[in-house]
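For the protein sequence lines, the chains are A and B, in the order given. Going by numbering that gives the first Met the number 0, 152 is the number at position 153 of the first sequence; the sequence numbering is gapless. Going by numbering that gives the first Met the number 0, 14 is the number at position 15 of the second sequence; the sequence numbering is gapless.
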Amino acid sequence: MKDTYEAIKVTDDIYWVGAIDWGIRDFHGYLTGRGTTYNAFVILADTITLIDTVKAPFKQEMLARIASIVNPEDISYIISNHTEMDHSGSLPDVIEAVKPEKVFASMNGVKALADHFHMDREIIGVQDRETVSLGSRNVTFVETKMLHWPDSMFTYLTEEKFLFSSDAFGMHLASSERFADQLDDGILEYEAAKYYANILLPFSPLVTKLLDKVAGLGITINTIAPDHGPIWRKEPTRMLNSYATWAAQEPTNKAVVVYDTMWESTTAMARAIGEGLAAGGTTTRLMPLRSCHRSDVATDILDAGALLVGSPTINNNIFPTVADTLTYLKGLKPQNLIGAAFGSCGWSGEAVKQISDMLAAMKIELIGDGVKVKYVPDSAALAQCYSLGERIAAKLKETCK
Amino acid sequence: MKKYVCLVCGYVYDPAVGDPDGGIAAGTPFEDLPDDWVCPVCGASKDQFEEETG
């Protein structure tokens, strides 16, 4: 009986054999509102080669797609570009099923695969820019350490000018279409930015270096196939340009106000700050944290120039949702931000200072000492919040010309 | 001797240990590492390191 899952032709000799995860919404804490795909590819060279695998529960889907074009046992090489389990989870079982002659990974990939799967199987470590012949085709490996794991690498198929870019240039987006040019442009832009903000932002200095390195290789790229989301065949350099912009983190005249509240006092402060920011000409996003996910906050921070954080004080501490998002943002290391803290409290009111200290530790330039209000803000307190918004707006206008 | 932390991946260079895989003998202070030395975990260059505090 014919299987329902089939390989999708990408070029004459390259087929997509990945899996579509329509249902996932929590990807290790990243809200994947549109699901995702785990992309794997078969190269039909003399030496038939599989690039990456899929998350373990999707193994049968991938094997069925492979079987629609080739007997899986005819695959001689498997290349693992990235050890994270959404791409390697099926690897041990696929090795068992396919019995490949050779399995390749970066030097760090060899160690990381051993630490994941404890397999009794040789994985061949490849060097940066090492080339391996597939008979009629050649692949060159490009080390991309910390983009976004120590083991990450690209595989470049020379004859087709085809870059398998692992977790770079991708996005979490489930779709029946396999190519970016078949999808809505606004959704692509948003999901690619969200992916960058949540996965690659902390490594922005390395992204800049990598783009220089890729440019320095002097290679032409006709197609970029990431491990998540659609394949870029019509505008292969579009994501290179977007990554250059995002990595530079030039601030724009935009402020993000994140906060939570217990009795709506901190909300009232956030609203007043937001009105002051908007009146000052700043694009303003208010993100109440019991409605907004931390990964959406990260996305909005990507092109922002200011981050304002508000929290009530609960039992001498920051409200937990605010601490959650701040911890997450701290790890993402956003650059070139100005900011301030605010919040309502009953008696001790430590949260505003605690937030200010965290913002300072994130190298965010603090504007003022923060606004702290007892219980419910009166009109004078709200005016102070509005004025903080105006000050931030004025500063952004000055720096984001 | 002072330890230095990689700002990219968090690896700590401990002079007492050196970087044997990178050909750096134990006892080599961070300052004496060659300019082209890179973080053994993530490949970041020396200027991406800061003295470990606390």
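Idealized CB from N, CA, C, for every residue including glycine.
Contact between alanine 243 of chain A and leucine 210 of chain A holds, since their C-beta atoms are separated by about 6 Å, short of 8 Å. In the structure shown, isoleucine 77 of chain A falls within a strand segment according to DSSP collapsed to helix, strand and coil. By the Cβ-count criterion, leucine 216 of chain A is exposed, with fewer than 16 other Cβ atoms from all chains shown falling within 10 Å of its own Cβ.
Each residue's CA atom was taken as its position, placing glutamate 142 of chain A and tyrosine 155 of chain A some 11 Å apart.
The C-alpha of threonine 27 of chain B lies about 27 Å from the C-alpha of aspartate 127 of chain A.
Contact between threonine 52 of chain A and serine 75 of chain A is absent: CB atoms are separated by about 15 Å, not below the 8 Å threshold. Taking 8 Å as the cut-off between beta carbons, the residues of the stretch 136–170 of chain A near chain B are Glu142, Lys144, Met145, Pro149, in sequence order. Under the Cβ criterion of 7 Å, glycine 9 of chain B is not counted among the residues facing chain A. Sorting A:Ala191, A:Val257, A:Leu285 by C-alpha distance to the C-alpha of leucine 239 of chain A places A:Ala191 at the top.
Contact between serine 264 of chain A and serine 378 of chain A does not hold, since their C-beta atoms are separated by about 13 Å, which reaches or exceeds 8 Å. Across the structure, valine 41 of chain A and isoleucine 13 of chain A are spaced so that their CA atoms are roughly 6 Å apart. Within the same chain, Ala43, Gln47, Phe48, Glu49 come within 8 Å of leucine 6 of chain B by CB-CB distance, once the 5 residues on both sides are set aside. Here the alpha carbon of alanine 393 of chain A sits roughly 44 Å from the alpha carbon of aspartate 150 of chain A. Taken through DSSP and simplified to helix, strand or coil, alanine 303 of chain A comes out as coil. Taking 7 Å as the cut-off, the beta carbon of lysine 329 of chain A is found closer than this to the beta carbon of methionine 361 of chain A. With 16 or more other Cβ atoms from the protein chains shown falling within 10 Å of its own Cβ, glutamine 248 of chain A counts as buried. Of all residues in the stretch 195–225 of chain A, only Pro201, Phe202, Pro204, Leu205, Lys208 place a beta-carbon less than 9 Å from a beta-carbon of chain B. Using a CB distance cut-off of 7 Å, glycine 22 of chain B does not count as an interface residue toward chain A. In terms of Cβ geometry, valine 255 of chain A and isoleucine 186 of chain A do not form a close pair [threshold 7 Å]. For the C-beta of valine 40 of chain B, the chain A residues within less than 7 Å are, from N- to C-terminus, Pro149. A Cβ-Cβ separation of about 18 Å leaves alanine 214 of chain A out of contact with phenylalanine 163 of chain A under the 8 Å criterion. Secondary structure of threonine 244 of chain A (DSSP, three-state): helix. In the assembly as shown, aspartate 35 of chain B is an exposed residue. Its beta-carbon has fewer than 16 other beta-carbons within 10 Å. Here arginine 120 of chain A really is in contact with valine 102 of chain A; their C-beta atoms are around 7 Å apart, less than 8 Å.
Counted as a single uninterrupted DSSP element, the stretch harbouring isoleucine 23 of chain A is not any alpha helix (DSSP H), since DSSP gives it neither H nor E. Of all alpha-carbon atoms in A:Ala246, A:Trp245, A:Asp226, A:Ile220, the one lying nearest the alpha-carbon of glutamate 234 of chain A is that of A:Ile220. If the five residues before and after alanine 6 of chain A are omitted, its C-beta is found closer than 8 Å to the C-beta atoms of Tyr14, Trp15, Val16, Val41, Arg64, Ile65, Ser67, Ile68, all from its own chain and listed in chain order. Between the alpha carbons of alanine 15 of chain B and valine 4 of chain B lies a distance of about 14 Å.
Contact between alanine 305 of chain A and glycine 338 of chain A is confirmed by a C-beta separation of about 6 Å, below the 8 Å threshold. One Cα belongs to aspartate 114 of chain A, the other to cysteine 38 of chain B, and the distance between them is close to 20 Å. Of the other Cβ atoms in all chains shown, 16 or more fall within 10 Å of the Cβ of glutamate 60 of chain A; this residue is therefore buried.
If you draw a 10 Å sphere on the C-beta of arginine 136 of chain A, you find 16 or more other C-beta atoms in it, and that means buried. In the structure shown, leucine 162 of chain A adopts extended strand secondary structure according to DSSP, grouped into three states. About 24 Å separates the beta carbons of glycine 169 of chain A and glycine 124 of chain A, which is beyond the 8 Å limit, so they are not a contact pair.
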